[in-house]
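**Student:**
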Amino acid sequence: MNAGEKTIEWLYKNQLQVDADWSVRNERGFTWWPYQHAQRIEITGDVNGPDGATGQCVAIRTEVLRDLDLTDSAAVAINDLVQAGAYTMSGLVYDAAKRRLDLCSSVVVHEDIQEWMQLIMSLAAVLQIAEAQPMADALVTFCGIGASVAISGHPANGMRTVPDEMAMIGQSVIVPMGREPCAWAAEEFTDVERRYMQKPPALFSMSDSTGVNVEFPYGDFSSLCQVEANTPHVAYGNGLRVTQSFPVSQSSDVEGVRLAFRMNAAELAGTPTGYGFGTYFYRKGTLCFSTFFPNFMHKPALLPNLYFAAAHRAQAVSIALTGKDWTEDSFDIRHSAEGRLFFGPPKTAR
Numbered sequence: 000m001n002a003g004e005k006t007i008e009w010l011y012k013n014q015l016q017v018d019a020d021w022s023v024r025n026e027r028g029f030t031w032w033p034y035q036h037a038q039r040i041e042i043t044g045d046v047n048g049p050d051g052a053t054g055q056c057v058a059i060r061t062e063v064l065r066d067l068d069l070t071d072s073a074a075v076a077i078n079d080l081v082q083a084g085a086y087t088m089s090g091l092v093y094d095a096a097k098r099r100l101d102l103c104s105s106v107v108v109h110e111d112i113q114e115w116m117q118l119i120m121s122l123a124a125v126l127q128i129a130e131a132q133p134m135a136d137a138l139v140t141f142c143g144i145g146a147s148v149a150i151s152g153h154p155a156n157g158m159r160t161v162p163d164e165m166a167m168i169g170q171s172v173i174v175p176m177g178r179e180p181c182a183w184a185a186e187e188f189t190d191v192e193r194r195y196m197q198k199p200p201a202l203f204s205m206s207d208s209t210g211v212n213v214e215f216p217y218g219d220f221s222s223l224c225q226v227e228a229n230t231p232h233v234a235y236g237n238g239l240r241v242t243q244s245f246p247v248s249q250s251s252d253v254e255g256v257r258l259a260f261r262m263n264a265a266e267l268a269g270t271p272t273g274y275g276f277g278t279y280f281y282r283k284g285t286l287c288f289s290t291f292f293p294n295f296m297h298k299p300a301l302l303p304n305l306y307f308a309a310a311h312r313a314q315a316v317s318i319a320l321t322g323k324d325w326t327e328d329s330f331d332i333r334h335s336a337e338g339r340l341f342f343g344p345p346k347t348a349r
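Mind the numbering: the sequence shown is residues 0 to 349 in numbering that gives the first Met the number 0, read in order.
#1: Taking the Cβ atom as the reference point for each residue, do Ile128 and Pro246 lie within a distance shorter than 7 Å?
#2: Quick check: the Cα distance between Phe342 and Phe260, rounded to an integer number of angstroms?
#3: Can you tell which of Tyr93, Val125, Ala73 has the C-alpha that lies nearest to the C-alpha of Glu266?
#4: Tell me whether Pro216 is buried or exposed, calling it buried when 16 or more other Cβ atoms sit within 10 Å of its Cβ.
#5: From the DSSP output, in three-state form, read off His297 for me.
#6: Could you pull the DSSP bridge partners for Tyr279 from this structure?
#7: If you draw a straight line from the C-alpha of Val191 to the C-alpha of Pro303, how long is it?
#8: What does DSSP give as the partner residue(s) for Phe245 in the beta ladder?
#9: Measuring straight from C-alpha to C-alpha, what distance separates Leu340 and Lys198?
#10: How many Å lie between Leu202 and Lys283 at the Cα?
#11: Classify Met165 as buried or exposed, calling it buried when 16 or more other Cβ atoms lie within 10 Å of its own Cβ.
#12: In the DSSP assignment, what are the bridge partners of Pro216?
#13: In the DSSP assignment, what are the bridge partners of Glu62?
#14: If we call anything under 7 Å between Cβ atoms a contact, is Gln55 one with Gly3?
#15: Could you tell me how far apart the beta carbons of Ile40 and Ile77 are, in whole angstroms, since I believe they sit closer than 8 Å?
#16: In or out: Pro180 buried (at least 16 other Cβ within 10 Å) or exposed?
#17: Opposite His232 in the DSSP bridges: which residues?
#18: If distances are taken between C-alpha atoms only, which option among Ile119, Leu91, Ser204, Gly44 comes closest to Thr278?
#19: Quick one: grab the DSSP three-state call for Thr209.
#20: May I ask you to list the residues that DSSP assigns as paired with Val92?
#21: Using only alpha-carbon positions, find the residue among Ala315, Asn237, Ser121, Trp115 that is nearest to Cys103.
#22: Which partner residues does Gln55 have in the DSSP bridge list?
#23: Please say whether Asp101 and Val125 have beta carbons closer to each other than 7 Å?
#24: Can you tell me where the beta strand (DSSP E) with Gly338 in it begins and where it stops?
#25: Could you have a look at His36 and say whether DSSP puts it in helix, strand or coil?
#26: Helix, strand or coil, according to DSSP, for Gly322 in the structure here?
#27: Just tell me which of Asn294, Ile119, Ile168 has its CA closest to the CA of Arg178.
#28: Have a look at Leu351 and Tyr274 and give me their C-alpha separation to the nearest angstrom.
#29: Note the first and the last residue of the continuous beta strand (DSSP E) segment covering Gly28.
#30: Excluding the 5 residues preceding and the 5 following Leu320 in the sequence, name in chain order all residues of the same chain whose CB lies nearer than 7 Å to its CB.
#31: When the distance is taken between beta carbons, is Leu239 closer than 7 Å to Phe307?
#32: Which residue marks the beginning of the alpha helix (DSSP H) containing Ser171, and which one marks its end?
#33: Along the beta strand (DSSP E) that carries Asn263, what are the first and last residues, could you check?
#34: Are the CB atoms of Thr242 and Ser289 nearer to each other than 7 Å?
#35: Can you give me the Cβ contacts of Arg98 inside the same chain, cut-off strictly under 7 Å, excluding the 5 residues immediately before and after it?
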């Protein structure tokens, strides 16, 4: 078995301990009903890495709404809910053909990272299970979106009336841990900055006891990545919030929101750049990609991996939205916000 197949098998049998009576398996993965929202975990394709090694893109997708027409007003309402912090490790992806809105995460798995990456994937799956129903209710009841909550049952065994224990982990384990102080300590931020952010792919960085900010090249200027330990989640309490911000020029807020939906579809339901845990949203002329990792997810070596994943995304978004890849000149300090303040804009931007 390849890394993706091993991950699927481990999630099904060991970590999620999926009940065969409430699941349907296929050659690429499985669909299961931890309660009344179907969740599908499957390999969506093979991806060749820069070193020639092949990995598998594994997607996690939980149904939220059906019979949804994504009008401009609906798209803006969904973006407003996400912008307010109603996200953790997944984003909302609209399937126009099925008129359905799903929570999605995706990641490329290969042998070198399979062992620790599958643990993160299992948390993303569990959080989707916990978030699907309240997010659907919020969108329909409070945001007034014209759609139906996407509840469903097993094709043979019908609707599940008692939730799987995995549907309860959010309240029983993750929330209590979130009441403790942020699991990421100040020295982790200073250490990751000292070891990795004083050179490319970082353009500029600074850290303190509450997190670290790092700039990456973005066209002729820079994008910002903020890693924050002092912005708790409304439901899960303390943890780590990672937000990347990309300035964009759009004709209207609606066009900016539509861009965020397209980026979510490409990355969370397609091939991710970096790790596809989190969501895009649009805010005041800025396209953001943000993730929240609850205290439960803390691992000593996670922060450097998140940094390099953010760098990968920053480069990909620079190419996609500005048409400019990184070059040696991209790391001129004058491309950074701090550098422009003291030295003026870089020659390429004048």
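By construction, the Cβ of each residue, glycine as well, lies at the ideal position given by its N, Cα and C atoms.
**Tutor:** Reading off the structure:
#1: Taking 7 Å as the cut-off, the beta carbon of Ile128 is found no closer than this to the beta carbon of Pro246.
#2: One alpha carbon belongs to Phe342, the other to Phe260, and they sit about 37 Å apart.
#3: Closest option to Glu266, Cα to Cα, is Tyr93.
#4: Taking all protein chains in view, the Cβ of Pro216 is crowded by 16 or more other Cβ atoms within 10 Å, so the residue is classified as buried.
#5: In this structure, His297 counts as coil in the three-state DSSP scheme.
#6: Answer by DSSP bridge pairing, in chain order: Phe288.
#7: Cα to Cα, the separation comes out at about 6 Å.
#8: Answer is Leu286.
#9: Distance between the alpha carbons of Leu340 and Lys198 is about 20 Å.
#10: Taking the CA atoms as reference points, Leu202 sits about 24 Å from Lys283.
#11: Answer is buried; the Cβ neighbour count reaches 16.
#12: According to DSSP, which records beta bridges pairwise, Pro216 is partnered with Ser221.
#13: Its beta-bridge partners are Asp101.
#14: Against a cut-off of 7 Å, the Cβ pair of Gly3 and Gln55 comes out as a contact.
#15: Not quite, the Cβ-Cβ distance comes to about 23 Å (not below 8 Å), so this is no contact.
#16: Exposed, by the Cβ-count rule.
#17: Beta-bridge partners of His232 (DSSP): Gly236.
#18: Proximity to Thr278 across Ile119, Leu91, Ser204, Gly44 peaks at Leu91, based on C-alpha coordinates.
#19: Coil at Thr209, not helix or strand.
#20: The partner list for Val92 (beta bridge, DSSP) reads Asp101.
#21: Cα-wise, what sits closest to Cys103 is Ser121.
#22: Asp45, Val108.
#23: Note that the C-beta distance between Val125 and Asp101 is not below 7 Å.
#24: Gly338 -> not in any beta strand (DSSP E); alpha helix (DSSP H) instead, spanning 336-342.
#25: It is coil, neither helix nor strand.
#26: Under the three-state reduction of DSSP output, Gly322 falls in the coil class, being neither helix nor strand.
#27: Comparing alpha-carbon positions, the option among Asn294, Ile119, Ile168 lying closest to Arg178 turns out to be Asn294.
#28: Given a span of 0 to 349 for the chain in the structure shown, any question on residue 351 remains unanswerable.
#29: Segment 28-31, the beta strand (DSSP E) holding Gly28.
#30: Sequence-distant partners of Leu320 (beyond 5 residues in either direction) whose C-beta falls short of 7 Å from its own C-beta, in its chain, are Phe245, Val247.
#31: Pairing Phe307 with Leu239 gives a Cβ-Cβ distance that is not under 7 Å.
#32: No residue range can be given for Ser171, since it is assigned to no alpha helix (DSSP H) and is classified by DSSP as neither H nor E.
#33: For Asn263, no beta strand (DSSP E) run applies; the uninterrupted alpha helix (DSSP H) run containing it begins and ends at 252-267, by DSSP.
#34: Yes, Cβ-Cβ distance for Thr242 and Ser289 is below 7 Å.
#35: The residues are Arg65, Asp66, Leu67, Asp68.
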